[in-house]
Amino acid sequence: MGFVILTAGAGIIAYTLTIFSQLFEHSFHIQGVVPNTDAMAALAQKNYGTETATIMVLGMLINIALARLTPLKYIFLTGHHTLYMAAMLAVILSVGGLSGGWVVAIGAVILGAMMVISPAILQPFTRKITNTDDLALGHFGSIGYLLSALVGKIIGKGSPSIEEIKVPKSLNFLRDSSVAISLTMMILFLVLVLVAGKSFVEETLSAGQNFIIFAIIQSLTFAAGVYIILAGVRMVIAEIVPAFKGIADKLVKDAKPALDCPTVFPFAPNAVIVGFLASFVAGLVSMFLCPLFGLSVIVPGLVPHFFCGATAGVYGNITGGRRGAVVGAFAHGLLISFLPAILLPMMGDMGLGSTTFGDADFGVVGIVLGHIIAMFN
28 MGFVILTAGA
38 GIIAYTLTIF
48 SQLFEHSFHI
58 QGVVPNTDAM
68 AALAQKNYGT
78 ETATIMVLGM
88 LINIALARLT
98 PLKYIFLTGH
108 HTLYMAAMLA
118 VILSVGGLSG
128 GWVVAIGAVI
138 LGAMMVISPA
148 ILQPFTRKIT
158 NTDDLALGHF
168 GSIGYLLSAL
178 VGKIIGKGSP
188 SIEEIKVPKS
198 LNFLRDSSVA
208 ISLTMMILFL
218 VLVLVAGKSF
228 VEETLSAGQN
238 FIIFAIIQSL
248 TFAAGVYIIL
258 AGVRMVIAEI
268 VPAFKGIADK
278 LVKDAKPALD
288 CPTVFPFAPN
298 AVIVGFLASF
308 VAGLVSMFLC
318 PLFGLSVIVP
328 GLVPHFFCGA
338 TAGVYGNITG
348 GRRGAVVGAF
358 AHGLLISFLP
368 AILLPMMGDM
378 GLGSTTFGDA
388 DFGVVGIVLG
398 HIIAMFN
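All letters in the sequence shown, in the order written, are residues 28 to 404 by this note's numbering.
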């Protein structure tokens with residue numbers, strides 16, 4: 028039930044962020060590559076479906092074997108990210124000139140290894156966030172979250188947690204994260220619909236609904252999606268930890284479930300919204316920086332900047348308080364803007380010049396693997 032609720036909340040957020048992206052691109056006439064891991068995975072499955080499926084299944088088995096035989100006792104339970112990484116590996120290896128069994132064998136080993144390494148590098152920080160060692164983070168944005176945590180550690184000494192912000196009594200209602208998120212998104216949506224114009228919004232997006240009312244409803248819908256996700260996460264934790272313990276004791280003693288990134292959202296709701304905004308601002312800055320380095324213009328995708336930026340904010344906050352949450356998430360935003368731009372040429376004609384994989388681990392693994400293959404060609 029918890030997973031279903033979490034997925035429903037994520038779907039609501041993805042829908043409102045799609046509208047936000049359309050408004051943003053129309054308002055500022057920006058064109059470029061929009062990282063979209065979901066779209067890239069769909070393209071990969073269309074062209075490399077058999078390889079993707081086989082890599083995924085074998086990678087999961089290798090994950091269990093590594094958890095059983097090594098000190099890295101993590102079982103990666105974020106199924107869609109397992110699929111996406113398998114898809115990217117199939118593309119990179121195939122475009123690099125490998126075929127058949129080599130694509131599957133190398134891809135499965137890399138996937139299985141990433142499924143234990145990714146949670147492991149974050150566990151010292153995840154433990155501090157959740158106040159337990161029974162959970163891990165299973166999400167292929169881990170290198171970005173690690174960067175945020177390390178940046179927070181360096182620049183955040185003495186900075187209080189962003190969750191300890193003192194609010195005047197007259198503004199106590201802002202301590203409710205749902206209210207704070209609603210108001211923040213309402214400001215952003217209202218600015219965008221005013222810039223985009225009444226006719227565009229009502230003719231293209233709102234099916235005739237008043238454009239101001241449409242903006243307000245979208246902001247409230249977004250906040251509702253976040254609320255549903257948080258409820259789903261709490262239920263997942265309540266359901267899966269006891270059940271997982273029983274299964275893990277038989278298969279992999281002392282194994283930890285590695286769960287999707289919203290797992291950490293309830294522990295620092297202020298850091299979630301601050302991390303999202305800081306990461307998104309970094310994405311906007313990167314649009315102008317990438318061409319200076321001869322890279323494609325990367326238009327900030329709202330879905331990766333929300334889910335990954337928010338998570339980066341939580342990790343930056345746990346090591347560096349307010350400064351860590353802001354600067355760590357900003358550094359993460361730069362990372363997930365430059366990595367897709369560097370990865371794009373290695374995808375062959377898969378990206379079709381319009382999209383690429385978004386989250387940090389996809390970029391790092393894809394770029395490193397692409398360069399290794401190129402050395403042997």
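A virtual CB, placed ideally from N, CA and C, is assigned to each residue, including glycine.
- Just so you know, the alpha carbons of G252 and I82 end up roughly 32 Å apart.
- With fewer than 16 other Cβ atoms inside 10 Å of its own Cβ, S226 counts as exposed.
- Between P62 and T383, the C-beta spacing is below 8 Å.
- Taken in chain order, the unbroken stretches of alpha helix (DSSP H) that lie wholly in the segment 83 to 153 and span 4 residues or more are 106 to 122.
- In the displayed model, A352 falls within a helix according to three-state DSSP.
- Scanning I91, P331, P296 for the CA closest to the CA of F103 turns up I91.
- By the CB criterion at 8 Å, S175 and I148 fall outside the cutoff.
- Segment contact: the segment 296 to 306 against the segment 338 to 354, three or more CB-CB distances shorter than 8 Å; contact assigned.
- Contact annotation, G390 with L366: C-beta distance approximately 3 Å; criterion of less than 8 Å satisfied.
- In its chain, beyond the 5 residues on either side, G59, V60, P62, S313, M314, C317, S364, P367, A368 have a beta carbon closer than 7 Å to the beta carbon of I325.
- Taking C-beta separations shorter than 7 Å and ignoring five residues to either side along the sequence, the partners of I255 in its chain run I32, A35, G36, I39, following chain order.
- Taking C-beta atoms under 8 Å as the contact rule, T105 and H166 qualify, at a distance of about 6 Å.
- Annotation for A282: A94, K100, I102, A275 place their beta carbon closer than 6 Å to its own, counting only its chain and skipping 5 residues before and after.
- Under a 10 Å Cβ-count criterion, T338 is classified as buried, with 16 or more other Cβ atoms of the shown protein chains found around its own Cβ.
- For K180, no beta strand (DSSP E) encloses it; the enclosing alpha helix (DSSP H) starts and ends at 169 to 182.
- Annotation for A305: no beta strand (DSSP E) segment contains it, though the alpha helix (DSSP H) segment containing it runs 296 to 316.
- Looking only at A387, V301, M67, the smallest Cα-Cα distance to E190 is reached by V301.
- The Cβ-Cβ distance between S323 and L396 does not fall below 8 Å.
- In the structure shown, P284 adopts extended strand secondary structure according to DSSP, grouped into three states.
- DSSP places G224 outside any alpha helix (DSSP H), giving it a letter other than H or E.
- The alpha-carbon of V291 is positioned some 7 Å away from that of V341.
- With distances taken between CA atoms, H56 lies nearest to V222 out of R261, Y111, F334, V222.
- For L396, the enclosing alpha helix (DSSP H) starts and ends at 387 to 403.
- Contact fails between the segment 326 to 333 and the segment 153 to 165, because fewer than three Cβ pairs, one in each stretch, are under 8 Å apart.
- A straight-line Cα-Cα distance of about 30 Å links L177 and M262.
- Here F152 has A176, Y342, I345, T346 as same chain residues with Cβ atoms under 7 Å from its own Cβ, once five neighbours each way along the sequence are excluded.
- DSSP places A163 in the strand class (E or B) of the three-state scheme.
- One thing to note: F51 has its Cβ within 8 Å of the Cβ of L219.
- When DSSP states are grouped into helix, strand and coil, I240 belongs to the helix group.
- Within its own chain, no residue has a Cβ closer than 7 Å to the Cβ of N158 once the five positions on either side in sequence are excluded.
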